[in-house]
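Asker: Handing you this structure, nothing more for now.
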Amino acid sequence: MSHFREGNSHLKKLLLDELVVCHPFIIGELACGHLKNREEIISLLKSIPKARTVENDEILHFIENRKLMGLGIGLIDVHLLASSLLTNTLLWTADKQLSTVSSKLNILYREQ
C-alpha cells in the first residue's frame, strides 16, 4: 500500500520496463479496501499482466509439502508464494512474515 501513498521510483521503473506481474488476489484485496482514486488504481492494476493462479487442492498440498502452517501467513499469502514458485517469479512484499517465508523459499524480491 505504501506504493500508492508515497510512490516508489524503483517500482515505477519496473512497471515501465514491463517486468511486473500482479496476482488477481492482490487486486481483489485492494478492491475490498478504501482507495483514493479507486477506479484509476483498480484499472491500472488490471492492465498489468497477471500472475498464474493455483487451484485450492494444489495449495493444500503446497502448505503440507513446504510446511507452511503456523508461520503467521494466510491463505492469500500462500497463493502468492505458490504462484511465484510455479512461474519462477520473485515476490515483492512489505509484509514481515511473508517476506521471511519468501526469503526461505528463495523467491523474495530485493530492491537493488
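Each residue of the sequence shown is one higher than the one before, starting from 129 at the first, in this note's numbering. Even for Gly, the Cβ is constructed at its ideal location relative to N, Cα and C. The structure presented is a predicted model; accordingly, all values stated were derived computationally and were not measured.
1) Give the straight-line distance between the Cα atoms of Ile235 and Glu167, rounded to the nearest whole angstrom.
2) Buried or exposed: which applies to His162, given that a residue is buried once 16 or more other Cβ atoms fall within 10 Å of its Cβ?
3) Rounded to a whole number of angstroms, what is the C-alpha to C-alpha distance between Leu233 and Leu226?
4) So, at 7 Å on beta carbons, what are the nonlocal neighbours of Leu199 in its own chain, with the 5 sequence-adjacent residues on each side left out?
5) Tell me the rounded alpha-carbon separation between Ser171 and Ala159.
6) Terminal residues of the continuous alpha helix (DSSP H) containing Asp223?
7) Using 8 Å as the threshold, is the region 178 to 186 in touch with the region 136 to 147, meaning 3 or more CB pairs across them?
8) Find the nearest neighbour of Arg180 within the set Leu218, Ser212, Gln240, Phe190, judged by alpha-carbon distance.
9) Please name the residue in Glu239, Arg238, Asp205 whose C-alpha comes closest to that of Ile154.
10) How big is the Cα-Cα spacing for Leu143 and Pro177?
Answerer: Let me spell this out:
1) By one-based count along the sequence shown, residue 235 stands at place 107. By one-based count along the sequence shown, residue 167 stands at place 39. Between the C-alpha atoms of Ile235 and Glu167 there is a straight-line separation of about 31 Å.
2) Taking the sequence shown and counting its residues from 1, one reaches residue 162 at position 34. Around the beta carbon of His162, fewer than 16 other beta carbons sit within 10 angstroms, so the residue counts as exposed.
3) Looking up residue 233 in the sequence shown gives position 105. Looking up residue 226 in the sequence shown gives position 98. Straight through space, the alpha carbons of Leu226 and Leu233 are spaced by roughly 11 Å.
4) In the sequence shown, counting from the first residue as 1, residue 199 sits at position 71. Same-chain partners within the cutoff: Gln225, Val229.
5) For the purposes of this step, residue 171 is taken as residue 43 along the sequence shown, with counting starting at 1. For the purposes of this step, residue 159 is taken as residue 31 along the sequence shown, with counting starting at 1. In a straight line, the C-alpha of Ser171 is about 11 Å away from that of Ala159.
6) The residue you call residue 223 lines up with position 95 of the sequence shown. Judged by DSSP secondary structure, Asp223 falls outside any alpha helix (DSSP H); it is assigned neither H nor E.
7) Inter-segment contact for the region 178 to 186 and the region 136 to 147 is absent: fewer than three beta-carbon pairs are separated by less than 8 Å.
8) What you label residue 180 is simply residue 52 of the sequence shown in a count that begins at 1. If we check each option's Cα against that of Arg180, Ser212 comes out closest.
9) In the sequence shown, the residue the question calls residue 154 occupies position 26. Answer by Cα proximity: Asp205.
10) Position 15 of the sequence shown holds residue 143. Position 49 of the sequence shown holds residue 177. Within the model, the alpha-carbon separation for Leu143 versus Pro177 is close to 10 Å.
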